[in-house]
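Presented below is the structure to which this report refers.
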């Protein structure tokens with residue numbers, strides 16, 4: 002009962018704290034989540050993935066994002082706000098499921114540390130900033146209950162079929178978001194196999210061939226199977242072009258190991274993780290779930306380095322693992338110290354620690370929420386009425402070199418194109434400011450990929466085929482500009498303009514006036530008034 | 030059977046050490062850059078120079094003083110200090126292994142579980158040294174060797190596997206383990222993190238802590254010895270050379286800290302730092318595989334913790350050279366091998382496998398009974414096999430070496446020979462334009478390519494042993510706070526004064542190689558380059574990208590841009 006109070010209290014306080022933050026920043030979103038959200042909106046509007054929107058990412062995140070997209074459309078609220086609330090719901094769901102497993106299926110003697118792990122699962126979300134909503138975060142949130150459940154399963158706990166089914170499906174969704182996540186899941190299974198050694202027959206029938214695994218696998222099969230039923234053009238574009246092109250040219254953005262691991266903005270995560278590992282090792286004999294989480298955090302390093310881009314969000318599983326481990330490790334340290342000094346058993350410590358934890362969490366949450374409120378109140382504001390919503394948003398959340406140009410020259414739903422070899426800076430402004438993408442190419446990362454292939458790969462029929470898409474992409478851009486008449490076109494001066502120059506791309510700007518020639522490396526073209534289309 | 034495990038472990042390690050001895054006897058001047066640089070520094074110390082005052086390096090004082098040992102021996106027996114150093118590390122490996130064996134043998138029945146770990150420890154030690162042979166003798170390898178007996182002693186103490194009665198030689202063994210660990214910790218400030226981590230894990234490994242338990246199973250002799258040795262060594266160094274300690278803790282530590290703080294931005298581009306992701310993948314997989322056993326075995330936990338600290342060291346290094354991944358990888362391999370031995374022992378085999386294993390056990394038993402009757406054979410094997418390995422490896426190392434590849438070390442006043450392929454880049458220019466004991470400046474961002482070349486050819490580095498402060502000081506001026514800049518103003522002025530006085534001395538550098546990068550820019554800004562251009566004759570620029578150089582010398586890890594070097598020869 003005390004454990005339940007503690008769990009409910011912690012989840013409620015942290016969720017409310019996050020709710021305050023989400024509500025104070027209704028338009029805040031990162032570039033990748035904004036892009037995925039835009040894709041989801043297009044799908045909700047009847048668009049086809051890889052036909053009406055081009056991006057290399059597998060479509061599961063877009064399907065998932067249709068939920069906030071629909072809610073936003075129905076309730077006329079900013080889609081960014083709906084998305085952030087959706088993420089908050091995922092946080093609550095994940096933490097509630099984990100807490101339920103901790104309370105009902107894991108030893109009560111470990112309750113303090115295990116609840117601290119649940120606390121860590123919520124707490125790491127507060128540090129993500131603009132990476133809030135990345136697939137890595139969603140994976141952590143969806144996979145964590147599965148990990149806890151698998152641990153309980155190996156310990157011999159009785160698992161209800163419905164519970165196993167729900168947790169399994171959620172984990173399946175998480176793992177399918179990115180193929181790299183399979184490595185994390187395999188590491189955890191490997192750890193559990195070695196940690197809880199048992200007879201092969203028992204292992205197979207009672208630990209491996211179980212409902213949550215079947216559910217996760219079933220989801221993966223359904224997800225993979227759905228590709229078979231997609232229209233042929235979708236399959237051609239995705240499997241015939243985007244996947245082979247990115248498989249050969251994704252290294253375009255590769256960095257060095259030193260930059261991935263040791264740069265000042267990267268190393269903190271790994272130092273925290275190492276500290277967490279040491280703490281976990283110190284207490285893993287008493288609290289074995291810490292070892293499992295150590296395996297999870299550490300396994301996050303491999304996909305991050307495999308991708309080799311050094312992008313901060315890719316280490317979120319490692320960061321989450323580090324924060325969770327540190328929370329669990331510190332709780333273990335406190336609990337063991339109390340036990341040593343006062344000779345209180347874990348059950349005796351729980352009421353006092355519950356009160357202290359709830360008071361501290363509530364106190365810090367109120368203080369930080371108050372600080373955030375003051376800061377938001379003091380900062381310049383943006384009236385969301387301009388976007389057809391009520392309320393205000395901090396200007397800082399939408400601030401970019403392009404915001405004013407968009408606001409001054411376009412109305413909501415106007416088509417706009419950013420021709421850029423990265424997701425930013427087109428996103429998040431397009432999503433935040435309720436604009437419509439003026440082209441099926443939401444960005445032109447693919448052109449950098451093709452340039453890389455041209456420079457690095459040995460010529461051959463497949464390479465020639467892939468490179469022939471360069472012209473096709475240029476003509477698709479031209480087609481979209483002619484058809485959609487975007488009110489603004491932002492053309493990246495280098496390298497995107499150079500990529501498109503051989504295809505006489507300037508011809509497409511005959512109805513446009515160049516209003517800026519170098520704003521953050523972009524030229525801005527505005528549609529001449531006579532040609533402007535209505536809303 | 031226990032003695033059989035012991036015997037084969039000893040045989041494996043001795044054979045490995047014999048092989049290494051044979052290898053280094055063939056490659057008498059082969060060394061990684063950093064140990065060779067410390068050898069040069071130690072030579073200067075033996076000539077009366079004071080670290081950080083008469084020459085600038087960023088290693089800890091103890092490390093530099095420890096390196097005087099091979100140099101001193103080299104002076105006594107006229108063998109190249111690099112050879113002596115490599116052989117000393119081989120001997121250290123044997124010595125450390127002996128301490129481990131003594132610890133196991135003297136811990137009686139309670140130490141029996143450790144005995145089963147012995148093959149795993151031996152195999153992992155051999156794997157680590159073999160895999161990192163190109164980085165043999167790096168401080169990380171020395172640290173691992175020095176710290177290993179301490180970890181084992183802490184494990185034995187914490188698990189209560191103490192001798193039935195405290196024998197004097199067991200106390201001595203624990204003291205040795207403690208002192209060695211203290212030396213290991215003082216090799217690099219980051220290594221000091223190992224002490225609290227190990228102690229926390231040992232403390233929590235006790236379970237419910239009571240005063241009695243603390244006394245019996247935590248406060249071991251090795252802990253006291255380690256703490257005492259830490260304090261004593263620190264005090265001895267401080268009181269014998271206070272200025273050395275003050276300078277190390279002052280400007281040198283500031284520089285080290287700033288080097289950590291100010292990341293070298295050029296490393297952001299692909300290929301600009303060694304891509305050793307494979308080692309990190311191995312660390313992750315080994316660590317995760319060892320984690321289940323870590324919950325049950327303190328020794329595996331300690332190895333895992335050391336591996337995690339090795340990961341910290343790699344991250345903090347900023348440059349991620351292969352040798353900086355040694356601690357992480359080596360302890361991960363140890364942890365994995367220990368865990369594996371545990372898994373194998375606890376495995377539940379099927380009837381058929383059990384029968385096969387039973388037969389193997391019978392054969393092993395027969396072998397054991399047979400070898401007990403042949404004590405001479407055991408002795409002969411222990412002596413002969415390492416010797417055979419020594420001879421075989423030595424022979425095969427030199428088998429395909431052309432006769433023109435050899436050069437005599439007599440020219441530099443040592444006995445023995447070297448192989449031209451073992452020399453570092455730019456050896457031709459240095460050999461041609463300078464003689465033994467001449468002052469040679471080779472300034473670059475990193476220890477390579479100045480070292481091991483200067484040590485191999487017995488040249489002397491100047492006041493600035495390598496160019497590490499130049500880059501940091503340049504960034505300092507660009508990015509630092511006024512307080513940070515002020516703290517190093519005096520050091521910077523002093524450093525450039527030293528360089529100028531060295532240039533204008535009676536015996537100036539015979540040859541100067543300066544990397545055409547920020548190093549050149551820094552020296553130019555300080556007016557050093559103008560003096561050099563005035564007093565020296567310009568030679569053809571040298572490039573580490575030169576195909577011939579790459580072919581003739583062992584490749585080396587190099588970070589940042591592979592820029593060329595300006596070369597200058599003293600005008601006669």
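Chains as they are written, first to last, in our numbering: chain A, 2 to 536; chain B, 30 to 601.
Glycine included, C-beta positions come from ideal geometry on N, C-alpha and C.
ask   = Taking Cβ positions, are residue 333(A) and residue 288(A) nearer each other than 8 Å?
value = Yes; because the gap between Cβ atoms is below 8 Å, this pair is in contact.
inquiry  = I want to know whether the stretch 35-55 of chain B touches the stretch 145-160 of chain B - three or more CB-CB distances under 8 Å.
reply    = A contact is defined here as three or more CB-CB pairs under 8 Å, and the stretch 35-55 of chain B meets this definition with respect to the stretch 145-160 of chain B.
ask   = Does the beta-carbon distance from residue 454(B) to residue 577(B) come in below 8 Å?
value = No, they are not a contact pair.
query = chain A partners of residue 304(B), CB-CB under 9 Å?
reply = For residue 304(B), the neighbours in chain A by C-beta distance under 9 Å run, in chain order, 257, 258 and 309.
task = Could you tell me whether the stretch 71-86 of chain B touches the stretch 438-447 of chain B, where touching means 3 or more Cβ pairs closer than 8 Å?
result = Using a C-beta cut-off of 8 Å, the stretch 71-86 of chain B makes no contact with the stretch 438-447 of chain B, since fewer than three inter-stretch Cβ pairs fall below that distance.
query = Within this structure, are the beta carbons of residue 526(A) and residue 510(A) separated by less than 8 Å?
reply = Cβ distance < 8 Å, so residue 526(A) and residue 510(A) count as in contact.
request  = Work out the CA separation of residue 434(A) and residue 81(A) for me, nearest whole Å.
outcome  = If you take the alpha carbons of residue 81(A) and residue 434(A), they lie about 10 Å apart.
Residue 395(A), enclosing alpha helix (DSSP H) - first and last residue = Taken as a continuous stretch (DSSP letters only), residue 395(A) belongs to no alpha helix (DSSP H), being part of the beta strand (DSSP E) at 393-395.
inquiry  = Which residues does DSSP list as the beta-bridge partners of residue 493(A)?
reply    = Beta-bridge pairing links residue 493(A) to 523(A).
task = Name the one or two DSSP bridge partners that residue 565(B) has.
result = For residue 565(B), the pairing in a beta bridge is given by DSSP as 599(B).
task = Give every residue of the same chain whose Cβ lies closer than 6 Å to the Cβ of residue 500(A), excluding the five residues on either side of it in the sequence, and list them in chain order.
result = Within the same chain, residue 500(A) has close Cβ partners 448.
Same chain only: Cβ atoms within 7 Å of residue 56(A), ignoring 5 sequence neighbours per side = Excluding residues within five positions, the ones whose Cβ falls inside 7 Å are 36, 40 and 443.
ask   = Mind listing which residues of the stretch 278-304 of chain A have their C-beta closer than 7 Å to chain B's C-betas, in chain order?
value = Within the stretch 278-304 of chain A, the residues whose Cβ lies closer than 7 Å to some Cβ of chain B are 278, 279, 282, 283, 284, 285, 286, 289, 292, 295, 296, 299, 300, 302 and 303, listed in chain order.
inquiry  = Short of 6 Å in beta carbon distance, which residues of its chain neighbour residue 425(A), apart from the five on each side in sequence? Order them along the chain.
reply    = Counting only Cβ-Cβ distances below 6 Å, and skipping sequence neighbours, we find 32.
query = Quick one, are the C-beta atoms of residue 287(B) and residue 510(B) less than 8 Å apart?
reply = Taking 8 Å as the cut-off, the Cβ atoms of residue 287(B) and residue 510(B) do not count as close.
query = Given 8 Å as the limit, is there contact between the stretch 111-118 of chain A and the stretch 277-296 of chain A, that is, 3 or more CB pairs closer than that?
reply = Enough Cβ pairs lie closer than 8 Å, so yes.
request  = Have a look at 352(B), 46(B) and 189(B) and flag the residue whose alpha-carbon is nearest the alpha-carbon of residue 309(B).
outcome  = Closest by C-alpha distance to residue 309(B), out of 352(B), 46(B) and 189(B), is 352(B).
ask   = For residue 586(B), does the three-state DSSP call read helix, strand or coil?
value = Residue state, collapsed to three classes: coil.
task = Return the residue from the list 301(A), 174(A), 409(A) and 372(A) that minimises the CA-CA distance to residue 62(A).
result = Checking every option, the nearest Cα to that of residue 62(A) belongs to 174(A).
Cβ of residue 337(A) within 8 Å of any chain B Cβ = It does: the Cβ of residue 337(A) has a partner Cβ on chain B nearer than 8 Å.
key: Start and end residues, alpha helix (DSSP H) containing residue 90(B)   = Residue 90(B): member of the alpha helix (DSSP H) spanning 90-95, first to last residue.
request  = For residue 214(A), collect the residues of the same chain with a Cβ closer than 7 Å to its Cβ; drop the 5 residues on either side in sequence, then sort them by chain order.
outcome  = 169, listed in sequence order.
key: Interface flag, residue 343(A) vs chain B, CB-CB below 8 Å   = Residue 343(A) does not count as touching chain B.
message = Does residue 108(B) come out as helix, strand or coil in the three-state DSSP assignment?
response = Residue state, collapsed to three classes: strand.
request  = Indicate the three-state DSSP secondary structure (helix, strand or coil) for residue 549(A) in the structure shown.
outcome  = Here chain A covers residues 2 to 536 and nothing more, so residue 549(A) does not appear.
request  = With a threshold of 16 other CB atoms inside 10 Å of the CB of residue 506(B), please say whether the residue is buried or exposed.
outcome  = So residue 506(B) counts as exposed.
key: Environment of residue 180(A) [buried if 16+ CB atoms lie within 10 Å]   = Exposed is the label assigned to residue 180(A), since fewer than 16 other Cβ atoms lie within 10 Å of its Cβ.
query = Looking at the structure shown, is residue 532(A) part of a helix, part of a strand, or coil, going by DSSP?
reply = Its pLDDT being 49, under 50, residue 532(A) is placed unreliably by the model, and the measurement read from it follows with that caveat. Here residue 532(A) sits in helix by DSSP.
task = Can you tell me which of 82(B), 478(B) and 146(B) puts its alpha carbon nearest to the alpha carbon of residue 525(B)?
result = With distances taken between Cα atoms, residue 525(B) lies closest to 82(B).
inquiry  = Is the beta carbon of residue 336(B) closer than 8 Å to that of residue 360(B)?
reply    = Yes; because the gap between Cβ atoms is below 8 Å, this pair is in contact.
query = Shorter than 8 Å from the beta carbon of residue 268(A) to some beta carbon of chain B?
reply = Yes, residue 268(A) counts as interfacial toward chain B.
message = I need the straight-line Cα distance from residue 14(A) to residue 106(A), nearest angstrom please.
response = Between residue 14(A) and residue 106(A), the alpha-carbon positions lie close to 24 Å from each other.
key: is_contact[residue 372(B), chain A] using C-beta, thresh 8 Å   = A Cβ of chain A is located within less than 8 Å of the beta carbon of residue 372(B).
task = Since I believe residue 593(B) is in contact with residue 572(B) (beta carbons under 8 Å), could you give me their beta-carbon distance rounded to a whole number of angstroms?
result = Residue 572(B) to residue 593(B), Cβ: 4 Å. Contact.
key: Proximal chain A residues relative to residue 338(B), where beta-carbon distance stays under 8 Å   = The answer, in chain order, is 275 and 279.
query = Under a three-way DSSP split, which group does residue 225(B) fall into?
reply = Looking at residue 225(B) - three-state DSSP - the assignment turns out to be helix.
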